[in-house]
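Undergrad:
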Amino acid sequence: MSEGSIPVLMTKEMQDKAKLIRRHIIKMIAEANSGHPGGSLSAADIITVLYFHVLQHDPKNPLWPDRDRFIMSKGHAAPALYAALAESGYFPVGELLTFRKLNSRMQGHCDVVTTPGVEMSTGPLGQGLSFGVGCALAARLDGRKYYTYVLLGDGECDEGQVWEAAMAAAHFKLDNLIAIVDRNGIQLDGWTKDIMNSEPLDEKWRAFGWHVVVVDGHDIYKLELAFDEAKMIKGKPVMIIANTVKGKGVSFMENKAEFHGKAPTKEQAEKALKELE
Amino acid sequence: MCAESSMRETYGKTLVELGRENKDIVVLDADLSLSTQTFMFAKEFPQRFFDCGIAEQNMMGIAAGLAASGKTAFVSTFAVFASSRCFDQVRWSIAQPRRNVKIVATHAGVTVGEDGASHQAIEDLSLMCALPGFTVICPADAIETAYAVWSAAANPGPYYIRLPRLKSTLIYDEDYQFVKDKAMVMRDGKDATIIATGLMVERALRAADELAKEDINVCVLNMHTIKPLDSKAVIKAARDTGAIVTVEEHVRQGGLGSRVAQIVAEYAPVPMAIIAIRDAYCSSGKPEELLEQQGLTSANIIEKTRALVQKKPKSRR
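Dropping the structure here:
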């Protein structure tokens, strides 16, 4: 879509949807009393744009061969994905509250075996992009037009396998592969620049042969434009580096490493939901 | 029965045959296609062959993605890399979702020889058998290798097929019928059972022939599939012969001997001897020298079997 063709209302609807996704994230993690709110909230706008604007998918037919693939490589952000899948109609929204409970279809980290719409089991970081390369190669072999999207964390980029996959994707000239880094700047132990500095991230991906787009990962409209640009690039894979805020949308979680993998208390959850009204 | 044949070469040729029959067969390698013999497939089907460079972890992930998109992905590299180097990727990208990925790992065991301990996969069976849902096969010769590869292609789910660098003596002829997940009875006998896998089967047969001259008649089982283990065959062997010797080119822990012992201990306790690599890394050397050092010889199989038969309760001798 070209600039200006998106009605303001549509962007507003998307913003509302992103807020709804954030509310689900808080409720799920609070109910489970465990989970990863920080990286789920930072990815909420990216996931919303993907599931309600970019992806060609059919919730009634999760294995439709021509569907676009979305791979949540940062598997601990599963709540954001589950919320988007439920809101898309893959399973009832009410089921979200079974998250992390015994025999739930929604494990703590993404599980392709149990959750409709999930493409790959993730959790051990660094594995998603390689899998995405495989999906993109298969599309080329079969002459299918689908795109493969892979969402990575910036902390995840510490993993060597990410860079093996980065090299391979460029080597195989996979212009049907689009990756996104949710660059929230924080990993479990603290700021990424202090724990393991990955900057300049954009230059690294460019040096690996990717077309790189840097975008505000909380600006719905700009994210849509970034995906539009990505699909126009030929002969190389595209990396969208989305600058985000860990814990985005909940004041006391924003930029707090402690909320990487900690559930809010009942009171904190109520406060968070009030902020997300 | 003493013709030699390369299991790796058979693998390469079998892949080409499979590729001609099924356009969904894809092959991945990590810069070792000349050694693993996948180059034959690469030559005939360049579009369906992916050399991933020296990046095994990435290769396993790519194979999983191809498999998730309807392909049957054969992945080859040396056993030492295929098992331990990328265990996490095999565990989570392949085993858990039961992807249709067939890992055919070559240069397994100490018989890789002169390259030394770094390249001798002696823990791979233990690692791969630990993964829920994996089928683990260790063929005994080139003919069985072809069957194992065809079986892997025909049956969904993850496979690990372990091949040596060395040429093997043919123990089968063209009439051989490979039965999926079933041990092959190579010799009948009542005094003990030798259960062997891979290159050790031929040694077990030679040992059995020698023991027969002493009037010790042993049953020999080729346990080509280590997982799922043919536990019925193990229980039958224990009950029928009252003593079991296992032989494998692998460490004692977690391989054939361990897995057989689990079944024997639980369902049919009888005296056992486990012939395997001791709990230490080996060194460079000629394959035969290394096998000798580890007791993986027919002479040692004879000695251990003879001693075990003596240990049997008198009523069962």
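Going line by line, the protein sequences match chains A and B. Under numbering that gives the first Met the number 0, the first residue of the first sequence carries the number 0, and numbering increases by one thereafter. Under numbering that gives the first Met the number 0, the first residue of the second sequence carries the number 0, and numbering increases by one thereafter. For glycine and all other residues, C-beta sits at the position ideal for the given N, C-alpha and C.
At a Cβ cut of 9 Å, what residues of the segment 106-127 of chain A count as close to chain B, listed as they run along the chain?
TA: D110, V111, V112, E118, M119, S120, T121, G122, P123, G125, Q126, G127
Undergrad: Rank A/T147, A/P123, A/E94, A/A138 by C-alpha distance to the C-alpha of A/E155 and give the top, closest one.
TA: A/P123
Undergrad: Measure the C-alpha to C-alpha separation of B/V15 and B/M6 and round it to an integer number of angstroms.
TA: 14 Å
Undergrad: Determine, using beta carbons only, whether B/G69 comes closer than 8 Å to chain A.
TA: yes
Undergrad: Mind checking the segment 39-51 of chain B against chain A and listing, in chain order, the residues whose C-beta falls within less than 8 Å of any C-beta there?
TA: Q46, R47, F49, C51
Undergrad: Would a C-beta distance cut-off of 8 Å place B/D190 and B/N221 closer than the cut-off?
TA: no
Undergrad: Within the chosen definition, does the segment 24-38 of chain A reach the segment 111-127 of chain A through at least 3 CB pairs nearer than 8 Å?
TA: no
Undergrad: Among A/Y145, A/A256, A/W209, A/A82, which residue has its Cα nearest to the Cα of A/Q186?
TA: A/A256
Undergrad: Starting from B/Y159, follow the beta strand (DSSP E) in both directions and report where the run begins and ends.
TA: Following the DSSP letters along the chain, one finds B/Y159 inside the beta strand (DSSP E) bounded by residues 158-161.
Undergrad: Per DSSP, what kind of secondary structure is A/E2 in: helix, strand or coil?
TA: Because the pLDDT of A/E2 is 42, which lies under 50, any placement of that residue in the model is unreliable, and the number read from its coordinates should be weighed accordingly. In the structure shown, A/E2 sits in coil (DSSP, three-state: anything other than H, G, I, E or B).
Undergrad: Comparing C-alpha positions only, which one of B/D174, B/I170, B/P138, B/S68 sits nearest to B/E226?
TA: Correcting the residue type first, residue 226 of chain B is Lys in the shown sequence and not Glu. Scanning B/D174, B/I170, B/P138, B/S68 for the CA closest to the CA of B/K226 turns up B/P138.
Undergrad: Would you identify the three-state DSSP class for B/T296, choosing helix, strand or coil?
TA: coil
Undergrad: When the Cα atoms are used, what is the spatial distance from A/S1 to A/Y220?
TA: Because the pLDDT of A/S1 is 40, which lies under 50, any placement of that residue in the model is unreliable, and the number read from its coordinates should be weighed accordingly. So the two alpha carbons sit approximately 11 Å from each other.
Undergrad: Using beta-carbon positions only, say whether B/A203 and B/C218 come within less than 8 Å of one another.
TA: no
Undergrad: Strictly below 8 Å CB to CB, what residues from chain A border B/W91?
TA: S120, T121, G122, P123, Q126
Undergrad: May I have the straight-line CA-CA distance separating B/P286 from B/E248, to the nearest angstrom?
TA: Approximately 11 Å, taken between the alpha carbons.
Undergrad: Checking contacts by CB at 8 Å: is A/F90 closer than that to chain D?
TA: You won't find chain D in this structure, because its protein chains are A and B.
Undergrad: Would DSSP call A/W209 helix, strand or coil?
TA: coil
Undergrad: At a CB distance below 9 Å, what residues from the segment 38-57 of chain A approach chain B? Give them in sequence order.
TA: none
Undergrad: Looking only at its chain, what residues have a beta carbon closer than 6 Å to the beta carbon of B/M0, apart from the 5 residues adjacent to it on each side?
TA: With a pLDDT of 47 at B/M0, under the threshold of 50, the predicted position of this residue should be treated as unreliable, and no value is reported.
Undergrad: Out of curiosity, what's the CA-to-CA distance linking A/S33 and A/H259?
TA: So the alpha carbons of these two residues sit roughly 11 Å apart.
Undergrad: What does A/V132 touch in chain B if you count any residue whose Cβ is under 8 Å from its own?
TA: N57, G60, I61, G64
Undergrad: Cα-Cα, which of B/H106, B/L210, B/F77 is closest to B/G188?
TA: B/L210
Undergrad: My output table needs one value for B/A182: the three-state DSSP class, helix, strand or coil.
TA: In the structure shown, B/A182 sits in coil (DSSP, three-state: anything other than H, G, I, E or B).
Undergrad: Give me, in chain order, the residues of the same chain whose beta-carbon lies closer than 6 Å to that of B/A195; leave out the 5 immediate sequence neighbours on both sides.
TA: Closer than 6 Å at Cβ, skipping near neighbours: A203, V246.
Undergrad: If you measure between the beta carbons of A/A31 and A/F98, is that distance less than 8 Å?
TA: yes
Undergrad: Quick check on the burial criterion: 16 or more other C-beta atoms within 10 angstroms. Buried or exposed for B/I53?
TA: Classification of B/I53: exposed, given that the 10 Å Cβ count is below 16.
Undergrad: If we count the other Cβ atoms within 10 Å of its Cβ and call it buried at 16 or more, is B/S82 buried or exposed?
TA: buried
Undergrad: Assuming contact is defined by CB atoms lying nearer than 8 Å, are B/I61 and A/L101 in contact in what I supplied?
TA: Result no, Cβ atoms of B/I61 and A/L101 do not sit closer than 8 Å.
Undergrad: Could you spell out where the alpha helix (DSSP H) holding B/K12 opens and where it closes?
TA: 6-20
Undergrad: Can you tell me where the beta strand (DSSP E) holding B/K101 begins and where it ends?
TA: 100-105
Undergrad: Under 8 Å, do A/R66 and A/A43 count as touching if we go by C-beta distance?
TA: no
Undergrad: Using a Cβ-Cβ cut-off of 6 Å (strictly less than) and excluding sequence neighbours within five positions of B/Y175, which residues of its own chain qualify?
TA: I142
Undergrad: Under 8 Å between C-beta atoms, does B/A81 make it to chain A?
TA: Chain A, which has no Cβ nearer than 8 Å to the Cβ of B/A81, makes this no.
Undergrad: Might you give, ordered along the chain, the residues of its own chain that have their beta carbon closer than 7 Å to the beta carbon of B/G69, omitting 5 neighbours on each side?
TA: D23
Undergrad: Just to confirm, are B/E302 and B/K166 a CB contact at a threshold of 8 Å?
TA: No. Outside cutoff.
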